[in-house]
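Peer 1: Each residue of the sequence shown is one higher than the one before, counting from 1 in full-length UniProt numbering.
Note that beta-carbon positions come from the ideal geometry of N, C-alpha and C, so glycine has one too.
Take a look at this one; I'll ask things after.
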Amino acid sequence: MHRFKDLEIWKLSRLFCSQIYSVTAHFPDSEKFGLTNQLRRASVSIPSNIAEGCSRISNKEFSRFLEIAIGSVYEIETQLLIAFDLGYINQIELDKLVHDLDIIIKMTTKFRSRLIV
């Protein structure tokens, strides 16, 4: 078992979640139940799955939750590209958020590879 609060990937993904909430606060009201909701839910899913995976007894189970978190990262990247296409975020915001996602995915993938026995 791991202590999720000690994991850098959990800390970074939690911070990223806050960034998503800040960015989506400026989306049009018409997106409240669309992209805003989707991005927020997917961003919450990353640290949540890391935390839930930490509670699992086996590394195999933990690895599965990390895999789900990685899936949420790709979901967010797609949704951010759509938000950019629609003019809800600018290129600088997109580049920063995608860069942060890249860091999270690299760290999560590396951590996951160390779990598999």
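How about S45 and A69: do their beta carbons lie closer than 8 Å?
Peer 2: Within the sequence shown, the letter at position 45 stands for residue 45. Within the sequence shown, the letter at position 69 stands for residue 69. Yes, these two residues count as a Cβ contact at 8 Å.
Peer 1: First and last residue of the alpha helix (DSSP H) that includes R41?
Peer 2: In the sequence shown, counting from the first residue as 1, residue 41 sits at position 41. It spans 35-54 - the alpha helix (DSSP H) in which R41 sits, taken as one unbroken run.
Peer 1: Do you know how far the Cα of K96 is from the Cα of S72?
Peer 2: Along the sequence shown, read from residue 1 onward, the residue named residue 72 stands at position 72. Along the sequence shown, read from residue 1 onward, the residue named residue 96 stands at position 96. When rounded, the distance between both Cα atoms is 17 Å.
Peer 1: Can you give the Cα-Cα distance for I92 and T108, rounded to whole angstroms?
Peer 2: Here the question's residue 92 lines up with position 92 in the sequence shown. Here the question's residue 108 lines up with position 108 in the sequence shown. Taking the straight line joining both Cα atoms gives about 24 Å.
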